[in-house]
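Residue numbers for the first sequence follow the numbering used here, beginning at 1 and rising by one.
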Amino acid sequence: MSMQLPKAYDPALIEQKWFDIWEQRGDFRADEHSGRPAYSIVIPPPNVTGVLHMGHALNNSLQDILCRWKRMSGYEVLWMPGTDHAGIATQNVVEKQLHAENLDRHELGREGFVQRVWQWREESGGQIINQLKRLGASCDWERERFTMDDGLSRAVREVFVRLYQDGLIYRDNRLINWCPRCHTALSDLEVEHEDKKGSIWHLRYPLVGSDRYLVVATTRPETMLGDSAVAVAPDDERYRDLIGATVLLPLVNREIPVIADEYVDSEFGSGAVKMTPAHDFNDFAVGKRHDLDFINVLDESGRINENGGSYQGLSTVDARSQVVADLDKLGLLEKVEDHVHAVGECYRCHAVIEPYMSKQWYVAVKPLAEQAINAVESGQTAIVPRQWEKTYFEWMNNIQDWCISRQIWWGHRIPAWFCSDCDKISVSLEDITSCEHCGSQTVEQESDVLDTWFSSALWPFSTMGWPDRTRTLETFYPTSCLVTGFDILFFWVARMMMMGLRFMDDVPFKEVYIHALVRDAQGQKMSKSKGNVIDPLTVIDEYGADAFRFTLCAFAAMGRDIRLSTERIGGYRHFVNKLWNASRFALLNLEDFDPVNIDFSSVELAPAEQWILHRYDQTAVQMNRALADYKFNDAAAVLYAFTWHEFCDWYIELSKQPLYGDDSAARHSAQMVLFTVLEGLLRLAHPILPFVTEEIWQALPGGRPNKSIMMASFPAGSGITTDQKAVADMEMLMTIVTAVRNVRGELDLPPGRKINVLLNCKDDATVTTIRAQQAAICSLARVEELVAGVDIDRPQEVATQVAGDIDVLIPLAGVIDLVEEEARLQKEIDKVQKDVDFFTRKLGNEKFVQNAPKQVLEKDRAKLAVAQDKSKTLQQSLEKIVALQRVAAES
RNA sequence: GGGCGAAUAGCUCAGCUGGGAGAGCGCCUGCCUUACAAGCAGGAUGUCGGGGGUUCGAGCCCCUCUUCGCCCACCA
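Now the structure itself:
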C-alpha cells in the first residue's frame, strides 16, 4: 500500500514536483463565490527589478505560513501577488543598459524609451516571481498584478483626478529634494540622511559703508553665490545695530540686507547666517517671511548655472573649493572648522541631494492622515507588535505634503494638460485634445510621472479591480492582514491606510504584522558592498526550502532583528530529516495498515498511546494560538519539541514493542495511534514545511488521489478523550527510565551491559502501575529484570537514584565501582540539598507564609517534602556505600 | 534634538498577567540499539549589563547609570 522513502531526505527531488502539482490542481486559487469566510493578504509587491533577498524570503515565508494555515482552517484564502514598476529604480536599470550600448534615453525619445523598458520587463523583469515560487509561496498566481497594468493604471488616474477635484492635489513652486543624478524631484522619504565629516567655513561679508565685516558660518560655501541676505537673531546684542544694514556679497558683488529672524540661534557658529533661500530649506522659510530673492544658482545636473557668474559650469564640489580659494585670496576666509553634519542622499543612486526650486505636484495629506490615525486609534487596524503604533502616530502627526511628481519617463504619466492659450490646467480621466477651460487645441500633457509609491498606495484595492465594484473587492476587502518590514511603514503602509480609507471608505487591512529585519551573523545589515549577503536561492539549493522556512520561522520573534547564518539553517535541516526518518519508521510499520479501520472506541489504549494523543492535542492547541498571535517562533518551537522530543524520542521508541510483538490487538492500536499522530503532525507542520509534509503525507497508507495536504484541515486536536491517570502513568514511566539512564550514564555502564532494577515504591497502586508498564520500562532503559514492590529488600551493593517517590535501585554486586558511585551520590545529594535549603529558608519566612497565595505555598511545601525524601534516601545509600568501601579496605 | 529597541549559558536567542532560570547550536562522556551518526543516551555551563527601589518574593514592575543598535528631525 505505502511507498518506501529513501533513507535521507532530498529536497531537490520533490520541491519542484509538488509546486507544479499544486499549481496544476489550482490549490492556490481563491474563489470569491465559495461562501467560506474570507482571509486575504496582499503581497508587498517586490520591484520588477528585484532579486529575492533575505527580507523577501522572511516576509513571504511568514505570509505563506499564515495563508496555508488559514486555508487549512476552513477559510477562503486569497494571497494576491504582483510586482511594482519601481519607477526610478527600473529607469536606472534600463538607462544603464542603454549606456552600455552607447545610447541615452533622449536619443530614443520618450516613447521609444518606455517601450524599451516594457521590453526589458518582458525579457528579464519579474524573475523574483519564480524565486518566490521556489520558496513555496502559495499565492493565487493567476491573479498576478503589475502596478503598470491597464487596470491598475486606471485606478491611479481615478485617484489622481478625484483628489485633484477635491482640492487635495495641487501644484506649487517650492524647494524640493532634487537628485542631480536621476534628474528628478524626490519626496522627503526618499532622501536618506547620513552623517558625514565636513567643514564649517567662517566667511567675512564686508559691510557696506564701513570697514567692518560680518562673519557668517556655513557648511556649503558654494551656495553663497545665491545668497540674498544675512540673518541674525533679533535679540543678539552683537548685531542689534546691524539689522537693516547692507553687506556686499563677495565674489558676486551683490548688496544684500542684514535681517533679523527668530530662526537664528545666536549660540551657534558666529550668530550670523547667510541666507540662500533657493538652496536651503530653512533659508527658504526665512526667505518667504522676509520676501527675499530666490536666486537659483544650480542647473538640473547640480552644476553652477548662469547666476553663478564665472563659476558657471562647475560642479558643486569644484565650485566649493574654488569659492573658498577665491575668498581666501581676498582675505575673507576667517577660519575653517571640522564639522559633522547630515548629508541627504538619493535612496536609489546615493547621489547627494540638492534642495532645488521647482514646480511640482503635491498631495495635501493632512486630512487623509487624520482618518488614518483614527483608524488605528479606534482599533479598526491593529499594528502588531503594538510598539510600532507609536512610530506610526509620530509620523502621521508630523506629516508633510507629499511631493508626487517625478521627472522621469517610466511610470504613470500625470493626467494633466497645460493649455498654452489660457494657461490653465485640465485634469482628466481620459486623454484630452482640447482645453476644458477655453477649448483651445494647443494642450500638452504634463511630462512628469507619479511617484511609484502613489500606485503602491492603492495596491490593496487596485489589484482587486477597483474602481469597478467587483465581487473580489466585496469578498476580500478589507484584507485580513498585511505582513511587512518596518522599513516601509511610512512609504507604503501609512499611505495605503490613507488611500484605502479615502477611496474604499474602509481600512485596507485589519492587522499589520511588522516583522524584523534579517541581518548577518554579526548583526550587520546585509549588503553587496559588505559582501555578507546570504543568497536565499543558494540556501534553498543547499538545504531545501523547508529547512530554510523553518529557520526563518523559528527566528521570527517579535520586535527583534534576525541574525542569520547558514549553520543555523543546517541545524534545522536536521529537523526536517528527523521528521522524514520518523515517517520512514512509521511507513515500514504501517504496510499492512489501512486507516479505514481506525476505531478508537473499541480499544483500550496503553498509557504511552494516550499520552502521545494528549500531547498531540496540546501541541495543536498551542500551534493555533501561536499562529493567531503571530508568534511564529513559538509555533516552530512547539512543533520542534513535540516532533523530536515527544513523538520520536518517547513514543516511537515505545511503539516498537507492540509493533514488533505478537499481540495483534496491541499492534493494531499502536498502528492506529502511530498513524493518527503522524498524519496529524504532518498537517500541523505543513504551513511551515510545505514540501516534505506533502511528500510524506502522500506516501501514507490510505491513498489520497488528487488531494493535497493543504486541502486537508489544520488540526485542532485528535478529539480522542484521554485518561488523566494514563497520562500520569506515562509520565511516571518517563521519570523512572530517565533515572535508570542517568545512573547508566554517570557510572559509564554501556548500553550493552545488562542490568537489573529494583523499584521501591510507596504503595501498592504504584507497584501495580509499574508492573503494567514493566515491558516498556525494560525496553527503554535496557533492563533485564525489573522488580517492583513496597519495602523490598535492598541488596548490599546498589546504585541508588530517586524518581519522584520511587527509589530506583540497581544491584551491581562486584561490578559497581564504589568510589564512582560515592562521587555520583555526593553530587546528587549536593544538588538536592540546595533545594532543601532553598525551600526550608523560604517556608521559614513568616511573611512569605502569611502573604503568598495558598497554591504557591502548597506547591513549595510539596517540593520541600520531595527534596527531603530524596535527600534522605540518597544519604542512606551513601552511608552504605562508604561502609562497603571500609569493609573492602579492611579485607 | 526627539523617539524606539537591545543587554539572559561559549554563540544565537526564548522567557505570557512577578512565584525555585529555558531552547537550539557548540562542548564533555558513552554508544554503529534493525527510522534516523543529519542519529541515540547521559552530563556540564548563568552575580539574567551596573546601582538603587517596590514586594513575603524581581529576568519580569519603578528610578538611575553604562554600552550597543535603529528610526525621525531644517541648527547654519
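No residue lacks a Cβ here, since even glycine has one placed at the ideal position from N, Cα and C.
- Remark: C-beta atoms of alanine 57 and proline 536 approach each other more closely than 8 Å.
- By the Cβ rule, the region 265 to 272 counts as touching the region 209 to 218, because three or more pairs are nearer than 8 Å.
- DSSP places methionine 275 inside the beta strand (DSSP E), whose first and last residues are 272 to 275.
- If you draw a straight line from the Cα of glycine 167 to the Cα of phenylalanine 281, it is about 25 Å long.
- Within the model, the alpha-carbon separation for phenylalanine 503 versus alanine 457 is close to 11 Å.
- Our two residues, isoleucine 43 and glutamate 144, have alpha carbons roughly 10 Å apart in a direct line.
- Per DSSP, reduced to three states, the secondary structure at glutamine 322 is helical.
- For threonine 470, the CB contacts under 7 Å within the same chain, skipping 5 residues up- and downstream, are Met464 in chain order.
- By the 16-neighbour rule on beta-carbons within 10 angstroms, asparagine 397 is exposed.
- Per DSSP, the continuous beta strand (DSSP E) segment holding glutamate 194 begins and ends at 191 to 206.
- With respect to the C-alpha of valine 740, the residue from Met710, Ala781 and Glu194 having the closest C-alpha is Ala781.
- Relative to glycine 411, the option among Thr184, Leu13, Ala637 and Phe486 whose CA is nearest is Thr184.
- Unbroken alpha helix (DSSP H) runs of no fewer than 4 residues, entirely contained in the region 790 to 859, are found at 818 to 844 and 846 to 851, following chain order.
- Phenylalanine 848 sits away from lysine 854, with the two beta carbons spaced by 8 Å or more.
- Per the C-alpha coordinates, the member of Glu446, Ile432 and Ser447 positioned closest to serine 440 is Ile432.
- Distances from the alpha-carbon of glutamate 609 to those of Val576, Pro367 and Leu659 put Leu659 closest.
- Comparing alpha carbon positions, the residue from Pro11, Arg861, Leu62 and Tyr362 closest to tryptophan 402 is Tyr362.
- Relative to the Cα of serine 40, the nearest Cα in the group Asp31, Asn47, Pro46 and Val48 belongs to Asp31.
- Straight-line spacing of the CA atoms in methionine 526 and valine 533 works out to 5 Å.
- In this structure, the alpha-carbon of leucine 333 lies about 7 Å from that of valine 324.
- In the structure shown, glutamine 97 falls within a helical segment according to DSSP collapsed to helix, strand and coil.
- In this structure the region 654 to 674 does not touch the region 554 to 573; the number of beta carbon pairs closer than 8 Å is below three.
- If you compare the alpha carbons of Cys182, Leu186 and Ala245 with that of tyrosine 213, the shortest gap goes to Ala245.
- Rounded to the nearest whole angstrom, the C-alpha separation of aspartate 817 and lysine 762 is 28 Å.
- One Cα belongs to isoleucine 755, the other to glutamate 591, and the distance between them is close to 35 Å.
- The Cβ atoms of aspartate 729 and threonine 676 lie no closer than 8 Å to each other.
- If you check the CB distance, glycine 198 and histidine 339 come in under 8 Å.
- Its Cα nearest to that of glutamate 784, the residue Leu812 stands out among Asp791, Gln796, Asn760 and Leu812.
- A direct Cα-Cα distance of roughly 30 Å separates cysteine 778 from aspartate 594.
- By the neighbour-count criterion, in which a residue is buried when 16 or more other Cβ atoms sit within 10 angstroms of its Cβ, proline 701 is buried.
- For serine 358, DSSP records a beta bridge to Arg174.
- Cα atoms of methionine 497 and glutamate 394: separation of roughly 15 Å, rounded to the nearest angstrom.
- For methionine 275, same chain residues with a beta-carbon under 7 Å away, outside a window of 5 residues either side, are Asp227, Ser228, Ala229, Val230, Ala231, Asp283, Val286, Gly287 and Leu292 in chain order.
- Buried is the label assigned to leucine 552, since at least 16 other Cβ atoms lie within 10 Å of its Cβ.
- Using a Cβ distance threshold of 8 Å, glutamate 389 and alanine 416 do not count as a contacting pair.
- For the pair threonine 223 and lysine 196, the Cα-to-Cα distance works out to about 18 Å.
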